[in-house]
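Peer 1: Going by our numbering, the first residue of the sequence shown is number 757, and it counts up by one from there.
The beta-carbon is built from N, C-alpha and C at its ideal position, and this holds for glycine as well.
Note that this is a predicted model, so its numbers are computed, not measured.
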Amino acid sequence: VMGGEEITLQAELEDEERWEAQDIPLDIVYEDDDIIVINKPRDFVVHPGAGTPDGTVLNALLHHYPDIAEVPRAGIVHRLDKDTTGLMVVAKTVPAQTRLVRALQKRNITREYEA
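1) Assuming H729 and R835 form a contact by the criterion Cβ under 8 Å, report the distance between their Cβ atoms to the nearest whole angstrom.
2) So what's I792 in DSSP terms, helix, strand or just coil?
3) Identify which residue in V845, Q861, A852 and A871 has its Cα closest to the Cα of Y786.
4) For V850, which of helix, strand or coil comes out of DSSP?
5) Which parts of the region 761-843 are runs of the alpha helix (DSSP H), unbroken and 4 residues or longer, counting only runs that do not cross its ends?
6) Could you compute how far the alpha carbon of V857 sits from the alpha carbon of I784?
7) Can you find at least 3 beta carbon pairs, one from the region 793-801 and one from the region 757-768, that sit closer than 8 Å?
8) What is the rounded straight-line gap between the Cα of E776 and the Cα of I792?
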């Protein structure tokens with residue numbers, strides 16, 4: 757496009773993806789009005805995908821905290837691989853999620869891994 761041309765786009769919005777709440781236990785280490793810290797065990801996928809459409813941390817969060825559905829990505833601001841155990845911080849509110857994402861981007865939150 758060089759400028760001055762007219763462009764026509766034909767697009768359709770996909771239906772918003774809705775995930776199912778599932779009664780899956782969570783090991784909650786800490787909770788306040790803004791965040792939840794969970795201890796994610798091995799072999800627990802964080803969010804649904806093609807190979808794992810349910811049975812994930814996200815599905816469990818929706819069951820235990822139905823209002824978290826209003827927070828982008830159900831409050832999940834980082835993930836751990838399926839085979840990785842460890843603490844995950846989850847935002848319960850949009851403002852908390854925004855602050856956590858910014859802190860991660862600015863590297864104000866550190867992550868430590870032990871092999």
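Peer 2: Reading off the structure:
1) Nothing about residue 729 can be read from this structure; the chain reaches only from 757 to 871.
2) Counting from 1 along the sequence shown, the entry for residue 792 is found at position 36. Strand at I792.
3) Along the sequence shown, one-based indexing puts residue 786 at 30. Answer by Cα proximity: V845.
4) In the sequence shown, counting from the first residue as 1, residue 850 sits at position 94. V850: helix per DSSP, three-state reduction.
5) 813-820
6) Working through the sequence shown from its first residue, we reach residue 857 at position 101. Working through the sequence shown from its first residue, we reach residue 784 at position 28. Going from the Cα of V857 to the Cα of I784 covers about 21 Å.
7) no
8) Here residue 776 refers to the residue found at position 20 when the sequence shown is read from its first residue. Here residue 792 refers to the residue found at position 36 when the sequence shown is read from its first residue. Near 20 Å, if we compare the C-alpha coordinates of I792 and E776.
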